[in-house]
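S.K.: The structure's right below; bear with me while I get my questions together.
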Amino acid sequence: MKRLTRAFITSLLVLSVLFSLCGCNARQTDAARAICDEFCNDVKNGDAERLITYFDGSETGLDELKEIISPSGFNSEETAFSEAVKATTRYNVQDPVYDYKAKTATVFLSWGQADYTSEAVKSAVTVPEFKTAIASAPENIITVSVTVDLNGETPRIVNPKDVIDAVYAFNTVDHGIMPGMLSDYYLDGSFVLAPKGIYTNTKEIGIRLNFDESLFSYIGVPGIVYTVAMEKDVLFTSDVITLEENSIRLDFNSEMAGEKGLSEDGFLLAGEYTFMVFDEHSKDLASFTCTVVNEDVEKETFEFDDHKEDYYLSNLVYEFKDSDLMGDTFVYNSGWWDYDGTSVGKSAFASNTKVLGFSLAVSSDNDSELYYEYYYSEESDFEGINESGPVYQGSCKPSLYDDQSCYDLDYSAEEFKPGFYGLVVYGDKAKKHIVFTAACIVVEESSEDVLE
Numbered sequence: 011m012k013r014l015t016r017a018f019i020t021s022l023l024v025l026s027v028l029f030s031l032c033g034c035n036a037r038q039t040d041a042a043r044a045i046c047d048e049f050c051n052d053v054k055n056g057d058a059e060r061l062i063t064y065f066d067g068s069e070t071g072l073d074e075l076k077e078i079i080s081p082s083g084f085n086s087e088e089t090a091f092s093e094a095v096k097a098t099t100r101y102n103v104q105d106p107v108y109d110y111k112a113k114t115a116t117v118f119l120s121w122g123q124a125d126y127t128s129e130a131v132k133s134a135v136t137v138p139e140f141k142t143a144i145a146s147a148p149e150n151i152i153t154v155s156v157t158v159d160l161n162g163e164t165p166r167i168v169n170p171k172d173v174i175d176a177v178y179a180f181n182t183v184d185h186g187i188m189p190g191m192l193s194d195y196y197l198d199g200s201f202v203l204a205p206k207g208i209y210t211n212t213k214e215i216g217i218r219l220n221f222d223e224s225l226f227s228y229i230g231v232p233g234i235v236y237t238v239a240m241e242k243d244v245l246f247t248s249d250v251i252t253l254e255e256n257s258i259r260l261d262f263n264s265e266m267a268g269e270k271g272l273s274e275d276g277f278l279l280a281g282e283y284t285f286m287v288f289d290e291h292s293k294d295l296a297s298f299t300c301t302v303v304n305e306d307v308e309k310e311t312f313e314f315d316d317h318k319e320d321y322y323l324s325n326l327v328y329e330f331k332d333s334d335l336m337g338d339t340f341v342y343n344s345g346w347w348d349y350d351g352t353s354v355g356k357s358a359f360a361s362n363t364k365v366l367g368f369s370l371a372v373s374s375d376n377d378s379e380l381y382y383e384y385y386y387s388e389e390s391d392f393e394g395i396n397e398s399g400p401v402y403q404g405s406c407k408p409s410l411y412d413d414q415s416c417y418d419l420d421y422s423a424e425e426f427k428p429g430f431y432g433l434v435v436y437g438d439k440a441k442k443h444i445v446f447t448a449a450c451i452v453v454e455e456s457s458e459d460v461l462e
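Per our numbering, the sequence shown starts with residue 11, numbered consecutively.
Encoded structure:
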């Protein structure tokens with residue numbers, strides 16, 4: 011009986027020690043897991059200020075940690091790529107393995123991260139493409155073990171830098187992204203067609219920028235933005251322009267200037283114009299200043315052919331004076347328009363017509379305004395027509411009809427005297443630059459008489 015009692019007491023003591031050890035182990039492993047969870051969260055967030063607290067001060071400094079997580083030499087594209095990879099990072103803390111004698115725990119940390127070496131990521135050439143490709147890239151698993159020292163009052167991770175180096179290794183890899191600033195690759199620039207920076211009577215000014223060809227061996231090349239100012243007033247700001255070649259032209263024209271930015275002759279207003287060029291992150295790239303000078307322009311004279319031999323003007327009578335307008339016009343869809351069924355020839359109307367109208371069919375992207383005048387002459391030779399005043403004047407922009415646009419150069423009246431009518435079309439509000447002319451005749455007979 012005494013032996014049984016002694017054995018029972020011994021068993022109780024052994025169990026008591028075992029339970030005590032198990033309880034101690036559980037507390038230590040819980041402490042190891044807790045600090046690893048907190049540490050991993052700080053690593054994922056890239057919080058250098060918090061991460062430095064895991065070091066004893068002699069291993070790594072705060073500045074070194076910041077360089078590992080967010081390298082100061084990165085440009086916007088490199089930073090965007092880094093942030094995109096970082097956003098995919100996740101972690102899992104495995105069960106600690108406790109060493110009772112050493113009072114340390116070994117913990118395996120499993121990190122999931124987008125595979126930035128995948129083909130989809132490597133084929134991306136812009137930051138948005140990077141982000142899309144990285145977000146859907148297959149996951150790469152990184153496993154790092156840490157030792158947690160549990161000898162002191164608080165647990166301490168012995169090798170925190172191993173984890174930080176492994177997780178942020180993507181910041182040390184050359185991804186082919188353009189290093190530095192776009193300004194590092196800019197060579198020179200000059201005004202187009204104005205080597206001395208002076209334009210005279212112009213509707214367009216522009217600069218050409220040249221870049222080092224090595225720029226296009228990289229991906230993630232930022233675009234450029236430019237502004238144009240006259241004196242202190244900004245007249246135009248461009249959208250972001252993608253760089254695709256080592257030479258690019260940037261323009262400012264009458265359409266960008268708008269009606270208030272043009273002289274009566276349709277030229278850009280006289281004054282100093284400054285082009286300011288930036289990369290898409292608002293970093294200065296270049297600046298250019300030119301001068302626009304306006305000289306007085308005389309009104310162009312015009313003439314019409316003598317159509318006396320062709321009383322009903324069976325042929326279409328017109329003439330382009332401007333190659334730009336001619337290049338924009340669908341000639342075979344253009345001509346005198348018979349609004350009221352009084353046409354008696356391709357360029358002839360009966361006396362009971364109420365409308366003379368010429369339709370110029372142009373490409374649908376044309377939106378400039380044309381100004382026009384109608385002149386009358388009793389004789390077919392239009393003698394002295396430049397000295398006479400117009401019988402009608404107007405202006406119009408194209409109207410859209412189905413798949414094309416038309417300038418409707420119309421003249422309406424209750425009565426048209428028989429005789430010859432000349433249409434003169436100008437490209438400027440001052441009506442000095444002639445772009446097109448046409449002629450027609452109004453015969454003495456009414457349309458009913460001609461049909462008989």
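Here a beta-carbon is modelled for each residue, glycine too, at the ideal position from N, C-alpha and C.
Roughly how many angstroms lie between the CA atoms of ILE451 and GLU379, to the nearest whole one?
M.R.: By one-based count along the sequence shown, residue 451 stands at place 441. By one-based count along the sequence shown, residue 379 stands at place 369. Distance between the alpha carbons of ILE451 and GLU379 is about 26 Å.
S.K.: Taking the straight line between their C-alpha atoms, what separation do you get for ASP315 and LYS213?
M.R.: Along the sequence shown, read from residue 1 onward, the residue named residue 315 stands at position 305. Along the sequence shown, read from residue 1 onward, the residue named residue 213 stands at position 203. If you take the alpha carbons of ASP315 and LYS213, they lie about 31 Å apart.
S.K.: Of all the beta strand (DSSP E) runs that stay within the bounds of the segment 82–118, which reach a length of 3 or more residues?
M.R.: As far as the segment 82–118 is concerned, its whole beta strand (DSSP E) runs of at least 3 residues are 100–103, 107–109.
S.K.: For ASN243, name the three-state secondary structure that DSSP assigns.
M.R.: As a working mapping, residue 243 is identified with position 233 in the sequence shown. Note on identity: in this sequence residue 243 is Asp, with Asn being the wrong assignment. ASP243: strand per DSSP, three-state reduction.
S.K.: For the beta strand (DSSP E) that contains THR142, what are its first and last residues?
M.R.: Position 132 of the sequence shown, counted from the start, is the residue given in the question as residue 142. It is not in any beta strand (DSSP E) - THR142 instead sits in the alpha helix (DSSP H) that spans 137–145.
S.K.: According to DSSP, is ALA204 helix, strand or coil?
M.R.: By one-based count along the sequence shown, residue 204 stands at place 194. Correct three-state label for ALA204: coil.
S.K.: Could you name each continuous beta strand (DSSP E) segment of 3 residues or more that falls completely within the segment 201–288, going from the start of the chain to the end?
M.R.: List check, beta strand (DSSP E) in window: 208–210, 214–221, 234–240, 243–247, 257–263.
S.K.: List in chain order: all unbroken alpha helix (DSSP H) runs of 4+ residues lying wholly within the segment 149–181.
M.R.: Fully enclosed alpha helix (DSSP H) runs of 4 or longer: 170–177.
S.K.: Are there three or more Cβ pairs, one per stretch, closer than 8 Å when the segment 179–189 is compared with the segment 222–232?
M.R.: Taking 8 Å as the limit for Cβ pairs, the verdict is that the segment 222–232 does touch the segment 179–189.
S.K.: With a floor of 3 residues, list each beta strand (DSSP E) that falls wholly inside the segment 359–420, ordered by position along the chain.
M.R.: As far as the segment 359–420 is concerned, its whole beta strand (DSSP E) runs of at least 3 residues are 365–372, 380–387, 402–406, 409–411.
S.K.: May I ask you to verify whether the segment 336–356 touches the segment 398–406, counting CB pairs closer than 8 Å and requiring at least 3?
M.R.: The segment 336–356 is not in contact with the segment 398–406.
S.K.: Please give me, in chain order, every unbroken run of the alpha helix (DSSP H) with length at least 4 that falls completely inside the segment 279–348.
M.R.: Fully enclosed alpha helix (DSSP H) runs of 4 or longer: 333–338.
S.K.: Mark ALA36 as exposed unless 16 or more other C-beta atoms lie within 10 angstroms of its C-beta, in which case mark it buried.
M.R.: Translated into positions along the sequence shown, residue 36 becomes position 26. Exposed is the call here.
S.K.: Expressed to the nearest angstrom, what Euclidean distance is found between the alpha-carbon atoms of ALA423 and GLN403?
M.R.: For the purposes of this step, residue 423 is identified with residue 413 of the sequence shown, where counting begins at 1. For the purposes of this step, residue 403 is identified with residue 393 of the sequence shown, where counting begins at 1. Cα to Cα, the separation comes out at about 12 Å.
S.K.: Could you check the C-alpha separation between TYR126 and ALA90 for me, to the nearest Å?
M.R.: Sequence index remark: in the sequence shown, residue 126 carries index 116 (1-based). Sequence index remark: in the sequence shown, residue 90 carries index 80 (1-based). Computed Cα separation, rounded: 13 Å.
S.K.: Using the rule of at least 16 other Cβ atoms within 10 Å of the residue's Cβ for burial, across every protein chain shown, is LEU25 buried or exposed?
M.R.: If you number the sequence shown from 1, residue 25 lands on position 15. Its pLDDT being 40, under 50, LEU25 is placed unreliably by the model, and nothing is read from it.
S.K.: Compute the distance between the beta-carbons of ALA449 and PHE430, then report whether it is under 8 Å.
M.R.: In the sequence shown, residue 449 corresponds to position 439, counting from 1. In the sequence shown, residue 430 corresponds to position 420, counting from 1. In contact: ALA449 and PHE430 (Cβ atoms closer than 8 Å).
S.K.: CA-CA distance, GLU458 and SER324?
M.R.: Counted from its first residue, the sequence shown places residue 458 at position 448. Counted from its first residue, the sequence shown places residue 324 at position 314. Cα-Cα distance, rounded: 18 Å.
S.K.: Would you call the segment 282–290 and the segment 357–373 touching, i.e. three or more CB-CB distances under 8 Å?
M.R.: Because the criterion of three Cβ pairs below 8 Å is not met, the segment 282–290 and the segment 357–373 do not touch.
S.K.: Determine the burial state of ASN181: buried for a count of at least 16 other Cβ atoms within 10 Å of its Cβ, exposed for fewer.
M.R.: Residue numbering aside, residue 181 sits at position 171 when the sequence shown is read from its first letter. Looking at its Cβ environment, which holds 16 or more other Cβ atoms inside 10 Å, ASN181 is buried.
S.K.: To which residues of the same chain is ASN362 closer than 7 Å at the C-beta, ignoring the five residues directly before and after it?
M.R.: Start at 1 with the first residue of the sequence shown, and residue 362 comes out as number 352. THR352, SER456, SER457, listed in sequence order.
S.K.: For the alpha helix (DSSP H) holding VAL453, just list the boundary residues, first then last.
M.R.: In the sequence shown, the residue the question calls residue 453 occupies position 443. Counting along the chain, VAL453 falls outside any alpha helix (DSSP H), and DSSP gives it neither H nor E.
S.K.: Taking ASN51 as the reference, which of PHE140, ALA115, ILE174 has the closest Cα?
M.R.: Along the sequence shown, one-based indexing puts residue 51 at 41. ASN51 has its Cα closest to that of ILE174, out of PHE140, ALA115, ILE174.
S.K.: Taking the DSSP output, what are the residues bridged to PHE446?
M.R.: Within the sequence shown, residue 446 is the residue found at index 436, counting from 1. Note: PHE446 sits in a beta bridge opposite PHE330, VAL435.
S.K.: Sorted by chain position, which residues of the same chain lie with C-beta nearer than 6 Å to GLY56's C-beta, five sequence neighbours on each side aside?
M.R.: Here residue 56 refers to the residue found at position 46 when the sequence shown is read from its first residue. If we look at GLY56 and ignore the five residues flanking it on each side, its Cβ neighbours are ILE79.
S.K.: Going by C-alpha to C-alpha distance, which of TYR322, TRP121, GLY432 sits closest to TYR101?
M.R.: Taking the first residue of the sequence shown as position 1, residue 101 is located at position 91. Looking at the Cα atoms, TRP121 is the closest of the given residues.
S.K.: Between GLY479 and ARG218, is the Cβ-Cβ spacing less than 8 Å?
M.R.: The chain is shown only over 11 to 462; residue 479 falls outside these bounds and no answer can be derived.
S.K.: Measure the C-alpha to C-alpha separation of LYS407 and TYR385 and round it to an integer number of angstroms.
M.R.: Taking the first residue of the sequence shown as 1, we reach residue 407 at position 397. Taking the first residue of the sequence shown as 1, we reach residue 385 at position 375. Those two C-alpha atoms are separated by around 21 Å.
S.K.: Can you tell me whether PHE49 is helix, strand or coil according to DSSP?
M.R.: For the purposes of this step, residue 49 is taken as residue 39 along the sequence shown, with counting starting at 1. Correct three-state label for PHE49: helix.
S.K.: For LEU23, which three-state DSSP category applies?
M.R.: Here residue 23 refers to the residue found at position 13 of the sequence shown. With a pLDDT of only 45 at LEU23, under 50, the local geometry of the prediction cannot be trusted, and no value is derived from it.
S.K.: Assuming ILE144 contacts VAL131 under a Cβ cut-off of 8 Å, what Cβ separation, rounded to an integer in Å, is found between them?
M.R.: Reading the sequence shown from its first residue, position 134 is the one you call residue 144. Reading the sequence shown from its first residue, position 121 is the one you call residue 131. With 8 Å as the limit, ILE144 and VAL131 qualify as a contact, their Cβ atoms being about 6 Å apart.
S.K.: Let's test the definition: count the other Cβ atoms within 10 Å of the Cβ of ILE208 and tell me whether it reaches 16, buried, or not, exposed.
M.R.: Within the sequence shown, the letter at position 198 stands for residue 208. ILE208 is exposed by the Cβ-count criterion.
S.K.: With burial defined as no fewer than 16 other Cβ atoms inside 10 Å of the residue's Cβ, what is the status of GLY33: buried or exposed?
M.R.: Here the question's residue 33 lines up with position 23 in the sequence shown. The predicted model places GLY33 with a pLDDT of 49, which falls under 50 and marks its position as unreliable; any figure quoted below should be read in that light. GLY33 comes out exposed.
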